[in-house]
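**Q**
Protein chains: 2
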Amino acid sequence: MAATELRRRGVPDATVARLPAYLRVLAAMADRGVRSTSSEELAAAVGVHSAKVRKDLSQLGTYGVRGVGYDVQHLSLEISRELGMTREWAVVIVGMGHLGRALAGHRGFFARGFRVAGLFDVDPAVIGERVGELTIQDLADLPGTVRGRDAIGVIATPESAAQQVADALVAAGVSSILNLAGGNLAVPDAVDVRPVEVAAELQILAFLRQRRDFDVDLERVAP
Amino acid sequence: MAATELRRRGVPDATVARLPAYLRVLAAMADRGVRSTSSEELAAAVGVHSAKVRKDLSQLGTYGVRGVGYDVQHLSLEISRELGMTREWAVVIVGMGHLGRALAGHRGFFARGFRVAGLFDVDPAVIGERVGELTIQDLADLPGTVRGRDAIGVIATPESAAQQVADALVAAGVSSILNLAGGNLAVPDAVDVRPVEVAAELQILAFLRQRRDFDVDLERVAP
DNA sequence: TAGATTGTTAATCGATTAACAATC
DNA sequence: TAGATTGTTAATCGATTAACAATC
């Protein structure tokens, strides 16, 4: 048992970051009725090399069979468990602008084992409004919704409000935060924050394009 | 000159990924009237260690002064240039659901040098609708909008439509794509795709939380 | 000058990749 | 058995970090 725990502890970050992609592809295969797959097939679907797939999967356990491949159902279940998808996670969304509403209605969340359990805002004009099956609540009511649950907070407010919302989430006992608002959040060590930076991604795309154009120009000058 | 080009070519991926964060912090400092800063200060604001800041910035050029620090304006300008923010990039958004509308109205884009130049959908019910200063166009009219411009395509459709939209973008000459729809896109080598995977980030948060809880349990059993 | 802070070097760490023995 | 494919090893590559000489 100790060995299992040490192994689990040690799944490399780069591997963890790829597990959702493997799980998505495996779920799609299962839907199509595919029973068995190989590292080569998974690699092609996810867009990496097969050695990486084998390395990654071997970090979790010995789920493949030499000469045969991987059982889609079994591997899917093991990755689900590893990612905590066998528990129920309550997702609370703070900020009910277009972005918050987009997330609230996102079918991919439910499909991947998350339940949107609360919608919050501070604007009296939207508090009380019904969005799908939920009613937008005052941010002050957050603690009542998250108490005693495995909750993940999603910040979908303007950047200027992000830190205050993060403070409120932490105070309510939320220790996993997805930050779509931009900016750096100050939170206690025990709290995980994952930023999603759309504007930064655009800048990275601009950088990459500019560099490519530049390299092409260089080739013209000195082929 | 050749040396400059070789250097530029060689900015490591990990550094490129952090440039937008440096630029954001520097812009905020400039707004507050701060003239000069240090690697230590930048590091604190971005949430990394100062050695990394110095290493990153030294990849771009020699913009600091030993014993003094960095000039906020100057460094800001250099990073802007490196990220291509001195050109104008036309952002076209495909998919005018809540997510697409959230992006269309995002003030952070404009602030960071991007111009939303086109909004597209295939649903006749929304084509022609005005959103901010633009009118939603038929996806078929994409080529007219992007012709002759540095364009970045943003896919904000459901996952099921993502590949078709990517094909349309590529056919129209767009070679930088931000994919918010999920899934893996097949595109030519000369096209850059950056995925933004909200659902995957939630799964990673769930994984990290589960591992932390598990480690705490372990400590209780064997302190 | 003395104090401060960069840019760079070297050491360390982690991730990727290729190759192949193990084994179904 | 012969062919296929994994799991693992070793080599390579890239990123991080600590330390400090250079220098304002």
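Taken in sequence, the protein lines are chains H and L. Mind the numbering: the first sequence is residues 862 to 1084 in my numbering, read in order. Mind the numbering: the second sequence is residues 862 to 1084 in my numbering, read in order. A virtual CB, placed ideally from N, CA and C, is assigned to each residue, including glycine. None of the values given here were measured: they were computed from a predicted structure.
Using beta-carbon positions only, say whether D982/L and G956/L come within less than 8 Å of one another.
**A** In contact: D982/L and G956/L (Cβ atoms closer than 8 Å).
**Q** Is K916/H near the ligand SAH, going by C-beta to nearest heavy atom under 7 Å?
**A** This structure lacks the ligand SAH, and indeed carries no ligand of any kind.
**Q** Looking at chain H, which residues of the region 950 to 970 of chain L have a Cβ within less than 9 Å of any of its Cβ atoms?
**A** Listed in sequence order: W950, V952, G958, H959, L960, G961, R962, A963, L964, A965, G966, H967, R968, G969, F970.
**Q** Put R1008/L into one of helix, strand or coil per three-state DSSP.
**A** R1008/L falls in the coil class under three-state DSSP.
**Q** Buried or exposed for R976/H, please, with buried defined as at least 16 other CB atoms from any protein chain shown within 10 angstroms of its CB.
**A** Label assigned to R976/H: exposed.
**Q** Hey, Q1024/H and A1060/H are a contact pair by Cβ (cut 8 Å); roughly how many whole angstroms apart?
**A** Going by Cβ atoms, the distance from Q1024/H to A1060/H rounds to 18 Å, so no, they are not a contact pair.
**Q** Quick check: the Cα distance between A906/H and L880/L, rounded to an integer number of angstroms?
**A** Approximately 30 Å, taken between the alpha carbons.
**Q** Can you pull the chain L neighbours of E1020/H, defined as C-beta to C-beta under 8 Å?
**A** Chain L residues near E1020/H: G969.
**Q** Which chain L residues are close to S899/H, counting only those with a beta carbon under 7 Å from its beta carbon?
**A** None at all; the shortest Cβ gap to chain L is about 17 Å.
**Q** Could you please give me the residues that DSSP links to A951/L through a beta bridge?
**A** Answer by DSSP bridge pairing, in chain order: R976/L, A1012/L.
**Q** Here's the rule: buried if 16 or more other CB atoms are within 10 angstroms of the residue's CB, otherwise exposed. What is L1063/L?
**A** Burial call: buried.
**Q** Would S919/L be called buried (16 or more neighbouring beta carbons within 10 Å of its own) or exposed?
**A** Exposed: under 16 other Cβ atoms inside 10 Å.
**Q** With a floor of 3 residues, list each beta strand (DSSP E) that falls wholly inside the region 1024 to 1070 of chain L, ordered by position along the chain.
**A** Those beta strand (DSSP E) runs which fall completely within the region 1024 to 1070 of chain L and span 3+ residues are 1037 to 1040, 1053 to 1056.
**Q** Taking C-beta pairs closer than 9 Å, name the residues in chain H that V914/L reaches, listed in chain order.
**A** Neighbours of V914/L on chain H: none; closest Cβ ~14 Å, over 9 Å.
**Q** List, in order along the chain, the chain L residues whose C-beta lies closer than 7 Å to that of F981/H?
**A** The premise fails here: F981/H is roughly 17 Å from chain L at the closest Cβ pair, so nothing lies under 7 Å.
**Q** So, does the CB of R1070/L fall closer than 8 Å to a CB anywhere in chain H?
**A** Yes, contact with chain H.
**Q** Within 10 angstroms of the Cβ of S900/H, are there 16 or more other Cβ atoms? Answer buried if so, exposed if not.
**A** Burial call: buried.
**Q** Should F1068/H be labelled buried (16 or more other beta-carbon atoms within 10 Å of its own) or exposed?
**A** It is buried - the Cβ of F1068/H has at least 16 other Cβ atoms within 10 Å.
**Q** Run down chain L in chain order and give the residues with a C-beta less than 8 Å from the C-beta of M890/H.
**A** Those do not exist, as M890/H stays about 13 Å from chain L at its closest Cβ, beyond 8 Å.
**Q** Run down chain L in chain order and give the residues with a C-beta less than 7 Å from the C-beta of S919/H.
**A** None at all; the shortest Cβ gap to chain L is about 17 Å.
**Q** Can you tell me whether DSSP reads V895/H as helix, strand or coil?
**A** In the structure shown, V895/H sits in coil (DSSP, three-state: anything other than H, G, I, E or B).
**Q** According to DSSP, is G931/L helix, strand or coil?
**A** Rather than Gly, the amino acid found at residue 931/L in this sequence is Tyr. Three-state result, Y931/L: strand.
**Q** Tell me which residues share the same chain as A863/H and place their Cβ nearer than 7 Å to its Cβ, disregarding the 5 neighbours each side in the sequence.
**A** With a pLDDT of only 36 at A863/H, under the threshold of 50, the placement of this residue in the model should not be trusted; the figure read from the coordinates follows. Within the same chain, A863/H has no close Cβ partners at all.
**Q** Do we get a CB-CB distance below 8 Å when we pair G908/L with the residues of chain H?
**A** Yes, contact with chain H.
**Q** To which residues of the same chain is R948/L closer than 7 Å at the C-beta, ignoring the five residues directly before and after it?
**A** Excluding residues within five positions, the ones whose Cβ falls inside 7 Å are D1011.
**Q** My guess is that G908/L and G1043/H are in contact by the Cβ rule of under 8 Å, so how many angstroms apart are they, rounded?
**A** No, G908/L and G1043/H are not in contact; Cβ-Cβ is about 13 Å, not under 8 Å.
**Q** What residues match up with I997/H in a beta bridge as DSSP calls it?
**A** According to DSSP, I997/H bridges with L980/H.
**Q** Quick test of your reading: L1039/L and L1066/H, contact by CB under 8 Å. State the CB separation rounded to the nearest angstrom.
**A** The Cβ separation is near 6 Å, so the contact holds.
**Q** Taking a Cβ distance cut-off of 9 Å, strictly less, list which residues of the region 991 to 1016 of chain L are near chain H, in chain order.
**A** So the close ones are D1011, I1013, V1015.
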